[in-house]
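Its first residue numbered 60, the sequence shown is counted upward by one per residue in our numbering.
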Amino acid sequence: LAEAPAGSLVVDPMCGCGTIGQIASVEFTQCFYLIGDIDPVAIRKAANNCAALPPEARALIDVVRWDVTRLPLRAGCADHIVTDPPFGKRCGDWTKNDRLYP
């Protein structure tokens with residue numbers, strides 16, 4: 060992200076509580092961030108965490124609820140995808156991860 064061109068769209072499709080996007084929106088202010096998750100609790104936490112960001116960072120990030128297997132994005136619209144996917148240890152279920160990681 061440090062070398063991402065100005066105006067790049069960075070997507071975190073499995074954001075959990077939104078840590079990657081939140082840190083990036085403060086440190087790499089040349090990009091816009093779209094973060095999402097399927098879990099409504101995670102989305103609520105991510106939105107609350109983003110609301111606590113400084114106004115300049117908050118203006119660069121949006122939080123949405125979506126299913127990572129059916130992202131509502133046009134092909135090629137994201138410049139970068141960054142994520143820390145669930146592995147089913149602390150959260151999720153490793154038996155269901157076969158759908159995410161075939």
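The C-beta atom is built at its ideal place from N, Cα and C for all residues, glycine as well.
Under 8 angstroms by Cβ, that's how I've got residue i and residue j pegged, so tell me the actual separation to the nearest angstrom.
| i | j | result |
| --- | --- | --- |
| Ile-120 | Ile-94 | 7 angstroms |
| Gly-75 | Asp-96 | 6 angstroms |
Please identify the residue among the options whose C-alpha is closest to the C-alpha of residue i.
| i | options | result |
| --- | --- | --- |
| Ala-116 | Phe-87, Cys-74, Ser-67 | Phe-87 |
| Pro-99 | Ala-111, Ala-61, Val-123 | Val-123 |
| Pro-114 | Pro-72, Ser-84, Leu-130, Asp-143 | Ser-84 |
At what residues does the alpha helix (DSSP H) containing residue i begin and finish?
| i | result |
| --- | --- |
| Ile-82 | 78-86 |
| Ile-97 | Where Ile-97 is concerned, there is no enclosing alpha helix (DSSP H), given that its DSSP letter is neither H nor E. |
Terminal residues of the continuous beta strand (DSSP E) containing residue i?
| i | result |
| --- | --- |
| Arg-117 | Where Arg-117 is concerned, there is no enclosing beta strand (DSSP E), although the alpha helix (DSSP H) it sits in stretches over 114-117. |
| Leu-68 | 68-71 |
| Asp-121 | 120-124 |
Are the CB atoms of residue j and residue i within a distance shorter than 7 angstroms?
| i | j | result |
| --- | --- | --- |
| Val-141 | Ile-82 | no |
| Leu-68 | Asp-138 | yes |
Under a Cβ-count criterion, where at least 16 other Cβ atoms within 10 Å of its own Cβ denotes burial, should residue i be classed as buried or exposed?
| i | result |
| --- | --- |
| Gly-135 | exposed |
| Ala-105 | buried |
| Asp-71 | buried |
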